[in-house]
Structures are given as structure tokens and as C-alpha cells.
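Residue numbers are given in the working numbering: position 69 of the sequence shown equals residue 208, and the series is strictly consecutive.
Don't be surprised by glycine CBs; every beta carbon is placed ideally from N, CA and C.
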Amino acid sequence: MHSVAIPVDLKPLPSPALRRFAWGVLAYFIAVILWGSLVRASGAGAGCGNHWPLCNGTVLQHSASMNTVIEFTHRITSGISFFSSVGLLVWTFAGTSRGHLARPAAAAVVIFTLIEAVIGALLVKLGLTAQSQSPLRPWYLALHLTNTLLLLAALTMTAHLLSRKHGYLRGTIRLVAPLGTSIGVAVVLIVGVTGSLAALGDTLFPATSLGSALAQDFSTTSGWLVRWRWTHPTIAFLASIFLICILVRAARRTTEWDNRGLSALVLVLLAAQYVLGVLDVVLLAPVWLQIAHLLGADLLWAALVVLTARLTLQPAETASSS
Numbered sequence: 140m141h142s143v144a145i146p147v148d149l150k151p152l153p154s155p156a157l158r159r160f161a162w163g164v165l166a167y168f169i170a171v172i173l174w175g176s177l178v179r180a181s182g183a184g185a186g187c188g189n190h191w192p193l194c195n196g197t198v199l200q201h202s203a204s205m206n207t208v209i210e211f212t213h214r215i216t217s218g219i220s221f222f223s224s225v226g227l228l229v230w231t232f233a234g235t236s237r238g239h240l241a242r243p244a245a246a247a248v249v250i251f252t253l254i255e256a257v258i259g260a261l262l263v264k265l266g267l268t269a270q271s272q273s274p275l276r277p278w279y280l281a282l283h284l285t286n287t288l289l290l291l292a293a294l295t296m297t298a299h300l301l302s303r304k305h306g307y308l309r310g311t312i313r314l315v316a317p318l319g320t321s322i323g324v325a326v327v328l329i330v331g332v333t334g335s336l337a338a339l340g341d342t343l344f345p346a347t348s349l350g351s352a353l354a355q356d357f358s359t360t361s362g363w364l365v366r367w368r369w370t371h372p373t374i375a376f377l378a379s380i381f382l383i384c385i386l387v388r389a390a391r392r393t394t395e396w397d398n399r400g401l402s403a404l405v406l407v408l409l410a411a412q413y414v415l416g417v418l419d420v421v422l423l424a425p426v427w428l429q430i431a432h433l434l435g436a437d438l439l440w441a442a443l444v445v446l447t448a449r450l451t452l453q454p455a456e457t458a459s460s461s
């Protein structure tokens, strides 16, 4: 008896429950990232001392300070995020066909989550928290933020690929003009890193007025973190050019998806980031505004990842006909 090959489109799709879980894990990770920003902006990073994974050498905290509560909560939620990433990996392998592209994406989620934990542990053990002005801190923070964005990208790709009805198996997709899109995404990644360094400078060297903040930026006595704050808005402006090019390409190119709604969302989020960035400067970077700015950046990043995946990883039959 000869086996009959099952057409790609007739292979079982992931369950709606799995797709919802993947998007839910992405939302949860964003919440954990925002809480981590609160830890940094509030100076609560030393709330558990230099102990890791324990907090102040114990599990249960008695008469804990507010800094301890904030830091310990972040550690608990981060631990839950690891188990949720493992759950996503197991469920993805169990609920998808062999060759499904969501499988390597889910594996990348677990890898980046483990790297995130290692970097977080090093920040604590090396004392690169709270008001530490160690020259190592900016580099560890840049590495931390880069890994965080790659983690969010892997989570977003996992959820997106699980939600696809076509072009989700190896051999059924075609790369379409990946170079320009990859450059645009890389520039946005650099924007995120420079933003984290600018936020660290605001935390370590707070200004009392807008005038004094501008004076700090151009003072030769200021540390390099402060004098380099201008790089963030400058690179953000350059990144917006790439984003606009991607949006124009999305509007012109015929794909499996109607990208007009997602393109509009990216444009709105981009405009919101500029507004929040200006307010961040004028209001001297209050904690709540830093968190709102980061939330907008994470949402923009996730939307951009989905849009670029739609444009670059197209179903083979669609790409060949466009």
C-alpha cells in the first residue's frame, strides 16, 4: 500500500488554545520587562543584596523594605517566565507538525530566557545595580537589553508562526528582499540599546531642570553616559526612515496578508514613541514615563517583527506570483 502525501494546507493547524497561549506568554514577558524597568528606574536593584537566586540569603522575606519587595517580585515573575517559556516549547512541539517553523522559534525563546537569567544574575553578583556607576554596568545593560529584544522577537515569531495558515513549514516559504528589512530591524535594535543607556544616565545623574539637563549633555565634566544621550534621539530618527521605507513596501507589495492595518498600527506606535520621548526630556524622565516609553517600544518592536515576517517570510506560492 502506497502512502499518500498530505498536502501542506491540509495538515492539522495548531490549536486555538496553543495560539492564545503563545500570545499570552508574549504579553506576560512584556509585563515582566516593564517591572524590570521599574527595578532599574527606582534604584531597587540592590533590594536583595548580592544574593542570587535567594533574596538577602533567604526565601521568605520578613519586614522587607519597598526595594526588596520590588526586586523580589521581579525575581519571582522572572522565574515564572522561564517555566512559561519551557511550557510554550513543549506545547509547540506537541501541537505542531514536523518541520513547523514555530518549533525553532520556541527553542530560541528558551535559550534567550536562560541567557537573560544569566545576565541578570551577573548584574546582581557583580553589584551592577541601584546607584552603581561601575564602567562595566552600561555594557552589561546594553547586552541585557539586546538579549531582551531578541527574546521578544523570538516570542513574537513563535506566536505569529503558530497563527499562520500558510507558509509555516520548512520548504513552503520564500525569502523576499531580506537585506533591507534586516538592516531596518537592526537599526531599531540599536535604538533600543541606546535608549536603555540614556535611561541609565537619567537614573544615575538626574537633572533638576530642563536647562541643567541640556547643560549636562554638553559639559566636559559629565560622564559619557550623559554626554551620549543625544545618540538615542538621533539614531531613533534614522530608524524612522527605515521604518517608513518598510511601511511603503508593505503598502505596495501583494502578500498573503492585508498589511494595511498592521502598518497603520506601526505608524501610530512610532508617532507615540516620539511624543513620549519628547515628554521624557521635558519632564526629566519620571519613572512612570520611562515605563510608558518602554511599553511603547516593546509594542512597536513586536508589531515590526510581525510586519517584517509577513514581508520577508512569504508563502512560496504567494512570493512566486508577486
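Whole runs of the alpha helix (DSSP H) within the segment 303-353, excluding any shorter than 4 residues:
317-343
Tell me whether the beta-carbon of proline 155 lies closer than 9 Å to the beta-carbon of glycine 306.
no
DSSP state of glutamine 453, grouped into three classes?
strand
From the DSSP output, in three-state form, read off cysteine 384 for me.
helix
Near glutamine 272, which residues of its chain fall below 7 Å by C-beta distance, leaving aside the five closest residues on each side in sequence?
Leu343
Does DSSP put threonine 235 in a helix, in a strand, or in coil?
coil
Other residues of its chain near arginine 388: CB distance less than 7 Å, five sequence neighbours each side excluded
Leu450
Same chain, Cβ closer than 7 Å to leucine 288, neighbours up to 5 away in sequence not counted
Leu328, Gly331 and Trp440
Once DSSP output is grouped into helix, strand and coil, what is the label at tryptophan 287?
Note that residue 287 is threonine in the sequence shown, not tryptophan. Looking at threonine 287 - three-state DSSP - the assignment turns out to be helix.
Any 3 or more C-beta pairs closer than 8 Å across the segment 276-291 and the segment 254-267:
yes
Own chain, CB closer than 6 Å to arginine 158, minus 5 neighbours either side, in chain order:
Leu301 and Ser302
Leucine 415 and alanine 298 - do their beta-carbons sit closer together than 9 Å?
no
What do you get for glycine 351, buried or exposed, if any count of 16 or more other CB atoms within 10 angstroms of its CB means buried?
The amino acid at residue 351 is misidentified as glycine; the sequence shows serine. Its Cβ having fewer than 16 others within 10 Å, serine 351 is exposed.
Can you list, in chain order, the residues of its chain whose CB lies under 8 Å from that of leucine 253, leaving out five sequence neighbours each side?
Phe221
Rounded to the nearest angstrom, how far is the Cβ of isoleucine 209 from that of leucine 177, given a contact under 8 Å?
6 Å
For leucine 404 and alanine 442, believed in contact at Cβ under 8 Å, the rounded distance
5 Å
Residues in the same chain with beta-carbon distance under 8 Å from glutamine 429, minus the five sequence neighbours each way, listed in chain order, please.
Ser176, Ala180, Ala338, Asp341 and Asp419
Beta-carbon proximity of leucine 291 to aspartate 437, cut-off 9 Å
yes
Assuming contact is defined by CB atoms lying nearer than 9 Å, are methionine 205 and alanine 183 in contact in what I supplied?
yes
I need the straight-line Cα distance from alanine 245 to lysine 264, nearest angstrom please.
29 Å
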